[in-house]
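Quick note, the sequence shown lines up with residues 2 to 548 if you use the numbering used here.
Working notes, structure below.
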Amino acid sequence: MEQMSKNIWWKNAVVYQIYPRSFQDSNGDGIGDLKGIITRLEYLENLGIDAIWLSPVCTSPQDDNGYDISDYQDIDPMFGSLEDMEQLITEAKKRNIRIILDLVLNHSSSEHRWFIEAMKSKDNPYHDYYVWRDGEEGNKPNDMRACFGGSAWEWVPELGQYYFHQFAVKQPDLNWDNPKLRQEIYDMINWWIDKGVGGFRLDVIDQIAKNPDLKITNNGPHLHVYIQELSKETFQKGDLITVGEAWGANPELAKLYSNPDGSEFSMVFQFEHIGLDQQEGKEKWDLAALDFLRLKEILSKWQVKLFDVGWNSLFWNNHDLPRIVSRWGNDKEYRVESAKMLATVLHGMQGTPYIYQGEELGMTNVEYTIEDYRDIESLNMYNERLEGGYDPVDIMKSIYAKGRDNARTPMQWDDSVNAGFTKGTPWIRVNPNYTTINAAGELTDKNSIFHYYKKLIELRKTYDVFVNGSFNLLLAEDPNIFAYTRTLGDNMLLVVANFYGESIQLTIPELNVEDKKLLICNYEQQEENKLRPYEARMYLLSTKSKI
Ligand code: TEU
Ligand code: CA
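What follows is the structure, encoded as structure tokens:
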């Protein structure tokens with residue numbers, strides 16, 4: 002196992018997520034594109050990442066920003082062409098960066114050729130690629146709801162049937178019980194593997210084996226059968242990194258998903274820690290303060306339970322989540338300190354870290370008026386709650402805190418117009434703080450958040466304890482401090498962090514070891530037994546030295 006993990010490249014890799022429409026526009030249409038990404042590879046090489054996960058760039062009517070694919074084997078003209086993709090793969094490879102594609106396999110766009118055929122008649126060969134139930138207008142098969150609001154069933158009068166959609170109306174669910182559909186998907190994936198992609202992120206993969214008659218969405222009975230077949234027919238042919246998005250995962254399921262025998266994926270994204278600032282049993286929009294003790298407990302549980310028997314992914318952010326510095330840090334007076342603290346806590350753990358574009362700059366949430374939002378989820382929720390009698394002020398508070406567009410404002414490259422993202426009109430407003438928070442400024446400041454992330458990546462590549470050390474949570478009941486150790490042989494990594502904005506005393510025996518080496522800290526000077534607001538440190542010590 003130890004031997005094996007040393008040979009698996011993605012175990013000491015750091016992945017950078019790009020949301021292509023918001024990263025870099027190259028032709029002035031206000032939308033980021035593949036050519037734009039190519040011009041920024043140097044920046045990413047400098048940061049030190051090993052792979053780029055690209056949110057979907059395949060042909061799509063963009064009802065859900067590309068998570069509604071109408072052709073899995075072509076690039077949307079808005080992002081460029083297949084040649085641009087091939088060039089991106091080649092140029093990235095020159096810098097030892099692999100390209101991870103985002104596969105949306107639970108549903109397609111309603112504009113996909115398969116669905117257009119499926120709509121023609123019940124006996125069309127593609128009809129069974131989707132999930133249908135007979136019925137009458139107004140009498141839905143059941144009361145299941147779609148993720149983006151409304152019923153999960155859409156009536157098609159011409160067929161006298163409903164189709165099932167877990168997300169938007171224009172995202173009909175694919176029927177994984179159909180072996181012909183599965184084979185088409187495998188052929189498509191192998192075609193991309195032949196093009197030289199380095200891996201795949203699999204959108205809502207735990208929802209593919211749904212059974213609407215039993216109201217089962219995720220973790221359906223055939224889920225792992227289908228995933229194992231998928232993996233065998235495709236991923237296992239190459240040296241790929243694969244990560245499944247699994248909101249319904251627990252550590253037991255994650256052991257299957259990330260089984261070291263390689264039968265499923267490399268790892269999954271689990272979201273247990275992500276729901277800790279919402280009211281229990283309600284929606285993400287129903288805000289609550291972060292339960293910090295639970296956060297430590299949950300992250301620690303995942304570290305311990307997957308040790309040696311699976312593999313974790315580590316993330317605070319993605320294109321669906323608010324900016325972590327605004328969420329659990331302080332994006333005002335301690336923006337720099339708290340962004341670095343959050344990075345320290347995450348990057349000291351075991352697993353593959355994911356950095357979401359702009360996180361390495363400490364980019365923040367935004368507060369716009371409703372006209373400036375673009376996300377289908379936020380807009381549908383806004384209308385639904387308005388009709389439901391909610392106070393618009395409260396609705397906006399929820400969007401400010403949790404809306405997906407927080408992550409989707411353009412990347413802040415410099416302090417020129419539109420943050421250097423586009424010469425045209427950006428598809429979504431730029432965060433007005435780009436004049437002070439931007440890559441150009443951070444590159445020239447050696448104490449910037451960017452340089453701190455760069456250092457964390459270097460450390461992971463220098464000390465094996467980051468990759469292979471076992472995890473032990475310290476001070477589990479402390480309401481302010483996040484502290485833990487990682488141990489490998491004689492080496493111990495000690496991480497201590499003040500999660501809040503007041504200075505605090507810290508007394509743990511590990512801190513009194515004399516010959517400990519400070520690897521990184523977000524303050525220039527330290528007082529041994531005191532942590533200042535959001536202060537975080539990483540030490541390397543020997544388990545042999547006496548306290
Ligand atoms: O997200 C999965 C998902 O369940 C989201 O709806 C999630 O619950 C929500 O964004 C949290 O606010 C994936 C993609 O990451 C997302 O961008 C897509 O919209 C969605 O699938 C549908 O493909
Ligand atoms: Ca463009």
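All C-beta atoms, glycine included, are put in the ideal place defined by N, C-alpha and C.
Remember, it's a predicted structure, so these values are computed and weren't measured experimentally.
Query, Result
"Ligand 1 heavy atom lying under 7 Å from the CB of R409", "no"
"N419 Cβ short of 7 Å to ligand 3 heavy atom set", "Ligands displayed in this structure: ligand 1 and ligand 2; ligand 3 is not among them."
"Contacts around Y454, its chain only, beta-carbon distance under 7 Å, and the 5 residues preceding and following it disregarded", "L48, A344, I356 and E361"
"Through-space distance from R533 to H274, alpha-carbon basis", "25 Å"
"Identified DSSP bridge partners for K518", "L541"
"Buried/exposed call for P57, threshold 16 Cβ in 10 Å", "buried"
"Close-in-space but distant-in-sequence residues of the same chain around F149 (CB under 6 Å, 5 per side omitted)", "F168, A169, I377, E378 and N381"
"Burial state of L387 (16 or more Cβ within 10 Å)", "exposed"
"Nonlocal neighbours in the same chain, by C-beta distance under 8 Å from T235, ignoring five residues either side", "Y187, I190, N191 and I194"
"C-beta contact flag for T365 and R324 at 8 Å", "yes"
"Presumed contact (8 Å Cβ cut-off) between I100 and L89, rounded CB distance", "6 Å"
"Where A484 falls: helix, strand or coil (DSSP)", "strand"
"Bridge partner(s) assigned by DSSP for N499", "I482"
"Through-space distance from Q271 to N251, alpha-carbon basis", "7 Å"
"Contact test: W248 Cβ vs ligand 1 heavy atom, cutoff 7 Å", "yes"
"Cβ pair H166, H113 closer than 8 Å", "no"
"Own chain residues within Cβ distance below 7 Å of R22, not counting five before or after", "I32, G33, N66 and W428"
"Rounded separation between R96 and E46 - CA only", "6 Å"
"Cα-Cα separation, V1 to P261", "There is no way to answer for residue 1, as the model of the chain reaches only from 2 to 548."
"Sequence-distant residues of the same chain with beta carbon closer than 7 Å to R1, five excluded per side", "This structure cannot settle anything about residue 1, because the visible part of the chain is limited to 2 through 548."
"Spatial distance of M2 from S471 (CA atoms)", "Note on M2: pLDDT 37, under 50, position unreliable in the model; the coordinate value appears next. If you take the alpha carbons of M2 and S471, they lie about 14 Å apart."
"Residue from L489, F201, Y131 and E92 with nearest C-alpha to Q18", "F201"
"Ligand 2 heavy atom lying under 7 Å from the CB of G67", "no"
"Euclidean distance between Cα positions of K238 and W312", "20 Å"
"contact_flag[the region 489 to 504, the region 457 to 477] where n(CB pairs < 8 Å) is 3 or more", "yes"
"Distance cut-off 7 Å: V16 Cβ against heavy atoms of ligand 1", "no"
"L347 burial status per 10 Å Cβ neighbour count (16 or more: buried)", "buried"
"Buried versus exposed, by CB contacts within 10 Å (16 or more), E265", "buried"
"Where K518 falls, given that 16 or more other Cβ within 10 Å makes a residue buried", "exposed"
"8 Å Cβ cutoff met for L474 and S301", "yes"
"Exposure label - T91; buried when at least 16 CB within 10 Å", "exposed"
"Residue closest to M268, alpha-carbon to alpha-carbon, out of K256, K333, D373 and D278", "K256"
"Residue list, Cβ distance to ligand 2 heavy atoms smaller than 6 Å", "D26, S27, N28, D30, I32 and D34"
"Beta strand (DSSP E) segment containing L474, residue limits", "S471 to L475"
"Beta-carbon proximity list for Y73, same chain, < 7 Å, skipping 5 on both sides", "C59 and M189"
"Alpha helix (DSSP H) segment containing D103, residue limits", "Element bounds for D103: not the alpha helix (DSSP H) but the beta strand (DSSP E), R99 to L104."
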